[in-house]
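**Student:** Provided herewith is a single structure, encoded as structure tokens, for subsequent inquiry.
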Amino acid sequence: MTSGSPHISHHSTGGGILHPHSDRCLTTSLAQNLVLTNKCCSSSRGSSPDDMSAGSSAEFPDRASLMEVRLQAQEDEITLLKSSLADALRRLRLHDQLLPLLKQQLIAGLETPAFEGSSKDSANSETFIDQQNQSFQSKGTKIQPQSRRPRRRRSRGPGSRPSVTPPLARRRRASSQSVPVVKRRRPLGCGRSSFPLLHSDLGVTSIKMFIRGRPITMYVPSNIQNYEELKMEPPSQRLELDWVYGYRGRDCRANLYFLPTGEAVYFIACVVVLYHINSRTQRHYRRHTDCVRCLTVHPDKVRVASGQMAGVDKDGKPLQPCVHIWDSSTLVTLQQIGLGAFQRGVGSVAFSVADSGAFLCVIDDSNEHMLSVWDATKGTKHAEVKSTNEAVFAVEFNPDDSSNIITCGKSHVYFWTLSAGQFTKKQGIFGKYKKPKFIQCFIFSLTGDVLTGDSEGNILTWGKSAADIKTLGKGAKGQGTFQIMRQTKAHEGSVFTLCPLQGGALLSGGGKDRKIIRWSADLAPERECEVCVRCVCASDGELLVGTTRNAILRGSFSDGFVAIVQGHVDEMWGLSTHPSQNIFLTCGHDRQVCLWNTEEHKLDWSLILEEYGLCADFCPNGSVVSVGLSTGRWVVLDLLTKEVVSEFTDGNEQLSVMRYSPDGSFLAVGSHDNFIYIYSVTESGRRYSRFGRCNGHSSFITHLDWSKDGKYIMSNSGDYEILYWDIASGCKLLRNRFESKDREWASYTCVLGFHVMGVWLEGSDGTDINALCRSHSERVVAVADDFCKVHLFQYPCPKLKAPSHRYDGHGSHVTNVCFTHSDSHLLSIGGKDTCILQWRVLDSRERLASASASASSSTSSPEPGASRHRASPLPVDIPMSHYFLFTTNQDSFLLFFLIYSEYFVSSV
Numbered sequence: 001m002t003s004g005s006p007h008i009s010h011h012s013t014g015g016g017i018l019h020p021h022s023d024r025c026l027t028t029s030l031a032q033n034l035v036l037t038n039k040c041c042s043s044s045r046g047s048s049p050d051d052m053s054a055g056s057s058a059e060f061p062d063r064a065s066l067m068e069v070r071l072q073a074q075e076d077e078i079t080l081l082k083s084s085l086a087d088a089l090r091r092l093r094l095h096d097q098l099l100p101l102l103k104q105q106l107i108a109g110l111e112t113p114a115f116e117g118s119s120k121d122s123a124n125s126e127t128f129i130d131q132q133n134q135s136f137q138s139k140g141t142k143i144q145p146q147s148r149r150p151r152r153r154r155s156r157g158p159g160s161r162p163s164v165t166p167p168l169a170r171r172r173r174a175s176s177q178s179v180p181v182v183k184r185r186r187p188l189g190c191g192r193s194s195f196p197l198l199h200s201d202l203g204v205t206s207i208k209m210f211i212r213g214r215p216i217t218m219y220v221p222s223n224i225q226n227y228e229e230l231k232m233e234p235p236s237q238r239l240e241l242d243w244v245y246g247y248r249g250r251d252c253r254a255n256l257y258f259l260p261t262g263e264a265v266y267f268i269a270c271v272v273v274l275y276h277i278n279s280r281t282q283r284h285y286r287r288h289t290d291c292v293r294c295l296t297v298h299p300d301k302v303r304v305a306s307g308q309m310a311g312v313d314k315d316g317k318p319l320q321p322c323v324h325i326w327d328s329s330t331l332v333t334l335q336q337i338g339l340g341a342f343q344r345g346v347g348s349v350a351f352s353v354a355d356s357g358a359f360l361c362v363i364d365d366s367n368e369h370m371l372s373v374w375d376a377t378k379g380t381k382h383a384e385v386k387s388t389n390e391a392v393f394a395v396e397f398n399p400d401d402s403s404n405i406i407t408c409g410k411s412h413v414y415f416w417t418l419s420a421g422q423f424t425k426k427q428g429i430f431g432k433y434k435k436p437k438f439i440q441c442f443i444f445s446l447t448g449d450v451l452t453g454d455s456e457g458n459i460l461t462w463g464k465s466a467a468d469i470k471t472l473g474k475g476a477k478g479q480g481t482f483q484i485m486r487q488t489k490a491h492e493g494s495v496f497t498l499c500p501l502q503g504g505a506l507l508s509g510g511g512k513d514r515k516i517i518r519w520s521a522d523l524a525p526e527r528e529c530e531v532c533v534r535c536v537c538a539s540d541g542e543l544l545v546g547t548t549r550n551a552i553l554r555g556s557f558s559d560g561f562v563a564i565v566q567g568h569v570d571e572m573w574g575l576s577t578h579p580s581q582n583i584f585l586t587c588g589h590d591r592q593v594c595l596w597n598t599e600e601h602k603l604d605w606s607l608i609l610e611e612y613g614l615c616a617d618f619c620p621n622g623s624v625v626s627v628g629l630s631t632g633r634w635v636v637l638d639l640l641t642k643e644v645v646s647e648f649t650d651g652n653e654q655l656s657v658m659r660y661s662p663d664g665s666f667l668a669v670g671s672h673d674n675f676i677y678i679y680s681v682t683e684s685g686r687r688y689s690r691f692g693r694c695n696g697h698s699s700f701i702t703h704l705d706w707s708k709d710g711k712y713i714m715s716n717s718g719d720y721e722i723l724y725w726d727i728a729s730g731c732k733l734l735r736n737r738f739e740s741k742d743r744e745w746a747s748y749t750c751v752l753g754f755h756v757m758g759v760w761l762e763g764s765d766g767t768d769i770n771a772l773c774r775s776h777s778e779r780v781v782a783v784a785d786d787f788c789k790v791h792l793f794q795y796p797c798p799k800l801k802a803p804s805h806r807y808d809g810h811g812s813h814v815t816n817v818c819f820t821h822s823d824s825h826l827l828s829i830g831g832k833d834t835c836i837l838q839w840r841v842l843d844s845r846e847r848l849a850s851a852s853a854s855a856s857s858s859t860s861s862p863e864p865g866a867s868r869h870r871a872s873p874l875p876v877d878i879p880m881s882h883y884f885l886f887t888t889n890q891d892s893f894l895l896f897f898l899i900y901s902e903y904f905v906s907s908v
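1 is the number of the first residue of the sequence shown in UniProt numbering; add one for each residue after it.
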């Protein structure tokens, strides 16, 4: 059993008292670990990151992110060690106080019938324990762990955060090995026990799960008689990717292209999107295992090459970077190039043009930025060379000669010649012209010259023709050396992109001045417009503009531009779906609040707040939405006018959860100051007044849910605590948690609880699950984890290692999930990938219908030139042994013969 993994053992309601010797050993061990961890953390803060290549800006974010994750892991470990130590001390004090009482009960138990009236004693015992716990918290033993960090995916290999496992918990794990063991109750005096048992039931009534050594007790509901006989099955529902919101323009280049099918191809997270502009439909290439970083289209306008970053899976195993060459009409992968040959990731790719795309050039993100040429058909390496230690931004083949390759980047332009498998390099000479810090982009002119755009806002024309020797300066070696023929001032600030047009004209896009300028063949400016541009592509007089704000614009100089793709530009955490309409709201670190339409797949409106939002919830009447911010402030927005109708501040720490009661009469606000603030709501969600405050958690609030009658709240905290509150009686903490085991909840988003215990995977450390959401039908529960995955479990799933369906697509930790009001769709949002994925929820019959429909016709526009003999896609949820698949060469007939069913599906 992996240290720190969730572990369960069965106990009675009164069996929450540890042996005194075990507690003292635990306290000593925790104190020693705390000192060692503090030393490690201090040395970590004083150390510098690994040496990085000078000027290599591409590596710095990865190294800095790695160091940030390690530091945060150590800080979290210290926090949890302190919490565990305080818990152990509290138990020791409770044991000393309860020892006389236990002795009296032992003596009384020997003189009276076994376990007579023990249920009442158990409740009183638990109440006493909770009261003592509250008294210790009020005396200053409150533990405040660090707030939830904005993290990328964490490695689970060596170097990950260690686990703290108490000796007693280790002994329990060794005996059970993560398999629930049922311990039947024996009458007092009939068995060996180190302390008396105060519960009279003969069956299992509680389950204790350990996360990082911390015990979490959960009570079995009354309707479950034989917990050990429960069988967990994967849900009958499946997810199908329906829509992808967003575009990666903030830090990527040359990643937007037109296809002859009328589709625009671009990427975000791990998905390459083919968006048909006129019909407003999407198709998705989803074979990448990590974030896509670069993209190019083959000269035949059908094949596409896309390169991805390296990563790690949940077990710490590396995911190697590679390049996929795939057919844009069938979405079939043709070649997987460079698996194991690239380091860190693939930065740039380009097809050759002169030989009809026979070769593919790749530059990786290693320190030397290796330049390699591959056979695009066979997938074999043709040549390789170290390019430079500086950042490389672009690579292209000479369109007239595939043996000539150009690269550009930080302070350089290199002209490469490939002959007999060997590269020779010549550096561009700037001569009398100022050498820019960055060469951002380049294109080839019709005359064979090379035009570059740089960080000084200039377009430089490079050529081999004769020039004044005084202009060449030192380093010139004759006509074989490329030199600057002309300098044209184009923009204020950097030139981000250059795009060739028919007849030799071109477009340039600037950064600081936010302009797109059209130039004639002799570089005379003709027209301009103001757009925040990252890249530009043109087709038949129409322009597509990718912006640094992660949007794609469509239009022309004469008609202007409209946004066809929009998204967030920084990490998202807040997500909420409307109670009756097909809309949802998101908020994140970019301070944007966005309202989206799931049917039309578009942004209805957005606004910018003063602070960034972290949580949100719609009022049950659907007219307003509350948004919790990072400073403890929260605002209520009118959906129609976007106006702020109410505004309050609770504490000075960030808010983590907002939740209305089912009838909309109360609003619960969970904060990182460990409190839950309760407000009474009137005037259809427009008027709020403080009703009370829930005080009892020893760490920040992470999740909370209301009961169906609107009187109670279940909450989770950062130290893995589950508490229950009686709101109607004045926000009182329910001392006897056993009484809440049969309570029904209006929603289920708490990640800790009996009904969702099975969502925790082996080896989880308590922060691996960021969010979960139960469907309104109460049939399935969706889970967002720290490893870029969305899971779908059946509900309830109270046993560990419950089977699930797992879905890829995100390129960073998934921060939140939420079902729409009708359960027809599931929304998931990513952290650093700034991606929103909309999933269609399908049952068995819908899956068969969807499979037959996809076989007969694509969900997007017609695809001219596609093969008429390709195999139809198979349903992924039916085993191969369950059906035979027949297709005709017209692709017009599909038959699934289900061996274990009594029907078949056919479509013409």
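Glycine residues also receive a C-beta, built at the ideal position from the N, C-alpha and C atoms. Remember, it's a predicted structure, so these values are computed and weren't measured experimentally.
Does DSSP put CYS788 in a helix, in a strand, or in coil?
**Tutor:** coil
**Student:** For ASP823, collect the residues of the same chain with a Cβ closer than 7 Å to its Cβ; drop the 5 residues on either side in sequence, then sort them by chain order.
**Tutor:** SER775, HIS776, SER777, VAL841
**Student:** Measuring only the C-alpha atoms, how far is GLY409 from VAL781?
**Tutor:** 47 Å
**Student:** Taking its Cβ as the centre, do 16 or more other Cβ atoms sit within 10 Å of LEU99, making it buried, or is it exposed?
**Tutor:** exposed
**Student:** Given a threshold of 16 other Cβ atoms within 10 Å of its Cβ, counted over all protein chains shown, does LEU723 qualify as buried or as exposed?
**Tutor:** Counting other Cβ atoms within 10 Å of its Cβ, LEU723 reaches 16 or more and is therefore classed as buried.
**Student:** I need the boundaries of the beta strand (DSSP E) containing LEU507, first residue and last residue.
**Tutor:** 506–510
**Student:** Sorted by chain position, which residues of the same chain lie with C-beta nearer than 7 Å to GLU530's C-beta, five sequence neighbours on each side aside?
**Tutor:** ARG514, LYS515
**Student:** What's the gap between the Cα of GLU528 and the Cα of GLY421?
**Tutor:** 44 Å
**Student:** Starting from HIS672, trace the beta strand (DSSP E) in both directions and tell me its first and last residue.
**Tutor:** Unbroken run through HIS672: none, as it is neither H nor E.
**Student:** Of all the options TYR266, VAL362, GLN72, PHE557, which has the alpha carbon lying nearest to the alpha carbon of ASN550?
**Tutor:** TYR266
**Student:** Report the three-state DSSP secondary structure of residue 909 (helix, strand or coil).
**Tutor:** As displayed, the chain neither begins before 1 nor continues past 908, which places residue 909 out of reach and without an answer.
**Student:** Thinking C-alpha only, which one of GLN838, PRO803, GLU229 is nearest TYR795?
**Tutor:** When only C-alpha atoms are compared, the closest one is PRO803.
**Student:** Under a Cβ-count criterion, where at least 16 other Cβ atoms within 10 Å of its own Cβ denotes burial, should ILE701 be classed as buried or exposed?
**Tutor:** So ILE701 ends up on the buried side.
**Student:** Taking the alpha carbon of ARG303 as the reference point, which residue from GLY262, THR333, GLN320, ASN582 has its own alpha carbon closest?
**Tutor:** THR333
**Student:** Between the region 254–266 and the region 293–301, do three or more beta carbon pairs fall short of 8 Å?
**Tutor:** yes
**Student:** Once you ignore the five residues that flank ASP327 on each side, which residues in its own chain have a CB closer than 7 Å to its CB?
**Tutor:** Sequence-distant Cβ neighbours of ASP327 in its own chain, meaning closer than 7 Å and more than five residues away, are VAL302, ARG303, LEU334.
**Student:** By the 10 Å Cβ neighbour count, where 16 or more other Cβ atoms means buried, how is TRP416 classified, buried or exposed?
**Tutor:** buried
**Student:** Please report the residue range of the beta strand (DSSP E) in which THR815 lies.
**Tutor:** 814–819
**Student:** Mind checking whether VAL636 and LEU655 have CB atoms under 8 Å apart?
**Tutor:** no
**Student:** Would the region 497–514 count as touching the region 449–462 if we require 3 or more Cβ pairs under 8 Å?
**Tutor:** Result yes; three or more Cβ-Cβ pairs closer than 8 Å.
**Student:** Would you decide whether ASP559 is buried or exposed? Buried here means 16 or more other CB atoms lie within 10 Å of its CB.
**Tutor:** exposed
**Student:** For the beta strand (DSSP E) that ILE459 lies in, which residues bound it at each end?
**Tutor:** Element bounds for ILE459: 458–463.
**Student:** Quickly, what does DSSP pair THR682 with across the bridge? List them, please.
**Tutor:** ARG687
**Student:** State the Cα-Cα distance for the pair ALA354 and ASP833, rounded to the nearest angstrom.
**Tutor:** Their backbone Cα atoms lie some 36 Å apart in a straight line.
**Student:** Taking the runs of the beta strand (DSSP E) that are 3 residues or longer, which of them lie wholly in the region 311–388?
**Tutor:** 323–327, 333–337, 346–351, 359–364, 370–375, 381–386
**Student:** Thinking C-alpha only, which one of ASP709, HIS284, LEU607 is nearest GLY588?
**Tutor:** LEU607
**Student:** State buried or exposed for SER812, treating a residue as buried only when at least 16 other CB atoms are found within 10 Å of its CB.
**Tutor:** buried
**Student:** With DSSP as the reference, label SER12 as helix, strand or coil.
**Tutor:** Because the pLDDT at SER12 is just 42, under 50, the model does not fix this residue reliably, and the value given afterwards should be weighed accordingly. If DSSP states are grouped into helix, strand and coil, SER12 belongs with coil.
**Student:** Please list the terminal residues of the continuous beta strand (DSSP E) segment that includes ARG214.
**Tutor:** Element bounds for ARG214: 214–219.
**Student:** According to the Cβ coordinates, are LEU603 and LEU241 closer than 8 Å?
**Tutor:** no
**Student:** Do you know whose CA, among SER356, SER698, LEU733, LYS464, lies nearest SER402's CA?
**Tutor:** SER356
**Student:** Buried or exposed: GLN427, going by 16 or more other Cβ atoms within 10 Å of its Cβ?
**Tutor:** Exposed is the label assigned to GLN427, since fewer than 16 other Cβ atoms lie within 10 Å of its Cβ.
**Student:** So the beta strand (DSSP E) LYS711 belongs to, where does it begin and stop?
**Tutor:** Per DSSP, LYS711 belongs to no beta strand (DSSP E) and is neither H nor E.
**Student:** Determine the DSSP secondary structure at SER65, reduced to helix, strand or coil.
**Tutor:** helix
**Student:** Applying the 10 Å Cβ sphere with the 16-neighbour rule, what's the burial state of ASN398?
**Tutor:** buried
**Student:** If you compare alpha carbons, which of GLN343, VAL645, VAL413, LEU418 is closest to VAL373?
**Tutor:** Looking at the Cα atoms, LEU418 is the closest of the given residues.
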